[in-house]
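Numbering (this note's numbering), first residue to last: 11 to 431. Backbone N, C-alpha and C define an ideal beta-carbon position, used for all residues, glycine too. Only a predicted model underlies this, so the values are computations on that prediction, with no experimental measurement involved. Written below as structure tokens is the structure these notes are about.
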Ligand SMILES: Nc1nc2c(ncn2[C@@H]2O[C@H](COP(=O)(O)OP(=O)(O)O)[C@@H](O)[C@H]2O)c(=O)[nH]1
Ligand SMILES: [Mg+2]
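Set out below in structure tokens:
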């Protein structure tokens with residue numbers, strides 16, 4: 011059984027700045043040569059693993075990220091400034107997948123170590139200014155390239171969670187209600203065979219970069235240690251928690267509360283005596299009910315550390331969250347289980363495929379070739395020449411020849427048709 015946090019975000023790298031058409035202006039030189047500067051490159055978007063984060067809950071609050079665009083080129087061959095890269099911090103252990111529009115999702119990286127870093131969206135290259143296009147036959151080129159668009163894609167993050175805090179208590183103590191009011195997100199429980207007792211999981215957000223995982227242990231009193239409800243795997247998760255919240259039903263008189271407390275403790279001990287050594291916060295629920303405050307005061311005579319909450323009015327809830335967080339931070343780290351590395355094949359970004367249509371047309375598809383078509387202005391001979399050179403460099407030309415393409419065959423890329431020669 012796995013507790014899995016998940017988040018989906020969109021990232022956009024910066025577009026490259028445009029190259030410009032400009033001419034040299036110098037005293038006494040009536041008509042200077044081309045002097046249009048290149049556009050700056052767009053900033054890329056990176057993910058970086060940091061031990062400061064422990065869940066993906068922040069991505070519920072911010073889902074869109076973009077890096078800065080490159081600036082356009084200037085006069086006198088001046089290049090535009092490049093856009094700054096954007097680095098998004100993620101928890102250590104985050105597994106990264108990405109999908110370009112209309113394409114299947116691909117595994118990108120497992121950021122297993124602090125500082126592991128991966129590029130998820132590449133910044134667009136800046137366009138060339140007309141300074142590069144002078145030739146012996148064309149001394150006043152009026153051609154400049156636009157910057158490439160930055161990559162945009164959907165990124166899915168996955169993180170295996172460990173439960174930090176378990177909530178225990180008799181049925182009706184208010185466990186589920188507490189979990190629902192403190193949870194900013196409800197992670198998935200994977201590989202969990204259906205049973206009548208469903209564990210509940212919540213990510214509790216303490217601040218912008220602090221959060222912890224709380225798990226409701228519903229089956230305890232219902233005979234979990236006899237194997238009736240929750241599986242061993244679930245019990246292991248509970249054993250790894252760093253703090254427990256023991257909820258006592260504030261609707262009950264003091265003697266019943268104390269009786270419940272003892273019952274739960276003996277259940278815990280029967281299941282695993284080590285659980286009794288865990289730092290435990292004793293909490294009276296339903297403080298909004300008549301008499302609950304009075305009962306809490308009485309309980310404190312025996313347990314001075316006991317506190318009270320009301321999930322209904324939220325009284326004491328935030329204070330409890332801080333107290334749990336403090337306890338977790340002070341408690342020893344549980345043993346960390348590292349998941350076996352997933353074996354997923356990486357498809358290089360500039361891969362392409364060539365298929366032969368029924369009418370004999372060669373249909374080429376692939377992220378980079380399609381982009382190239384989108385960027386090229388086919389009215390310009392120079393742009394066309396560059397297009398052909400790039401295809402050759404990528405190996406498209408060679409592959410076509412291998413597939414038997416001959417002069418005059420039709421080649422289609424992203425809706426454009428070309429004649430092979
Ligand atoms: N008045 C009041 N009722 C509560 C509060 N918290 C939970 N309850 C009620 O107590 C009952 C049991 O709560 P539940 O969260 O399901 O308990 P669990 O069995 O421990 O998960 C439900 O009827 C809740 O509405 C509270 O803060 N104030
Ligand atoms: Mg419940």
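Per the Cβ contact rule, the segment 308-326 is not in contact with the segment 334-341 (fewer than 3 Cβ pairs under 8 angstroms).
Proximity to residue 76 across 70, 97, 65 and 69 peaks at 97, based on C-alpha coordinates. Between the C-alpha atoms of residue 424 and residue 68 there is a straight-line separation of about 38 angstroms. Listed in chain order, the non-local C-beta contacts of residue 19 below 6 angstroms within the same chain comprise 69, 73 and 165, local neighbours out to five positions each way being set aside. A direct Cα-to-Cα measurement between residue 65 and residue 59 gives close to 12 angstroms.
Listed as beta-bridge partners of residue 198 by DSSP are 14. Between residue 48 and residue 139 the beta-carbon gap is near 5 angstroms, inside 8 angstroms, which marks them as a contact.
Its chain contains 53, 54, 56 and 77 as the residues whose beta carbon lies nearer than 7 angstroms to that of residue 95, once the 5 sequence neighbours on both sides are disregarded; these appear in chain order. By DSSP's assignment, residue 319 forms no beta bridge with any residue. Counting only runs of at least 3 residues, the segment 128-186 fully encloses the following beta strand (DSSP E) elements, listed from N- to C-terminal order: 162-171 and 175-178.
For residue 226, the distance from the CB to the nearest heavy atom of ligand 2 is below 7 angstroms. Exclusion of residue 296 from the 7 angstroms shell around ligand 2 follows from its C-beta lying no nearer than that to any non-hydrogen atom of the ligand. Remark: C-beta atoms of residue 84 and residue 50 do not approach each other more closely than 8 angstroms. Taking the CA atoms as reference points, residue 273 sits about 33 angstroms from residue 15. The segment 315-331 makes contact with the segment 287-302: 3 or more CB pairs, one atom from each, lie closer than 8 angstroms. At least one heavy atom of ligand 1 is found less than 7 angstroms from the C-beta of residue 187. Cα atoms of residue 188 and residue 223: separation of roughly 13 angstroms, rounded to the nearest angstrom. A check of alpha carbon separations from residue 119 across 103, 156, 17 and 282 identifies 103 as the nearest.
Residues 423 and 424 of the same chain have their beta carbon placed closer than 7 angstroms to that of residue 380, with the five preceding and five following residues left out of the count.
Contact annotation: the segment 175-182 touches the segment 265-285, with at least three C-beta pairs closer than 8 angstroms. Counting along the chain, the unbroken beta strand (DSSP E) around residue 212 starts and ends at 210-217. Distance from the C-beta of residue 316 to the nearest heavy atom of ligand 1 is not below 7 angstroms. If you draw a straight line from the Cα of residue 43 to the Cα of residue 393, it comes to about 20 angstroms. By a beta-carbon distance limit of 8 angstroms, residue 129 does not contact residue 99. Their separation comes to about 15 angstroms.
Under the three-state reduction of DSSP, residue 193 is assigned to strand. For the beta strand (DSSP E) assignment, the uninterrupted runs of no fewer than 3 residues enclosed by the segment 76-107 are, from N- to C-terminal side, 96-101.
A direct Cα-to-Cα measurement between residue 210 and residue 404 gives close to 51 angstroms. Under the criterion of beta carbons closer than 8 angstroms, residue 154 and residue 46 qualify as touching, at roughly 5 angstroms.
At a threshold of 7 angstroms, residue 18 does not count as near ligand 1, since its beta carbon sits no closer than that to any of the ligand's heavy atoms. Distance from residue 372 to residue 413 at the Cβ level is roughly 7 angstroms; contact confirmed, criterion being Cβ atoms closer than 8 angstroms.
Judged by beta-carbon spacing, residue 409 lies within the 8 angstroms limit of residue 364, meaning their Cβ atoms are closer than that value.
For residue 276, the three-state secondary structure derived from DSSP is helix. The C-alpha of residue 61 lies about 27 angstroms from the C-alpha of residue 162.
A distance below 6 angstroms between beta-carbons, with the five flanking residues on each side excluded, links residue 262 to no residue of its chain. In the DSSP annotation of this structure, the continuous segment of the beta strand (DSSP E) that includes residue 58 starts and ends at 55-60.
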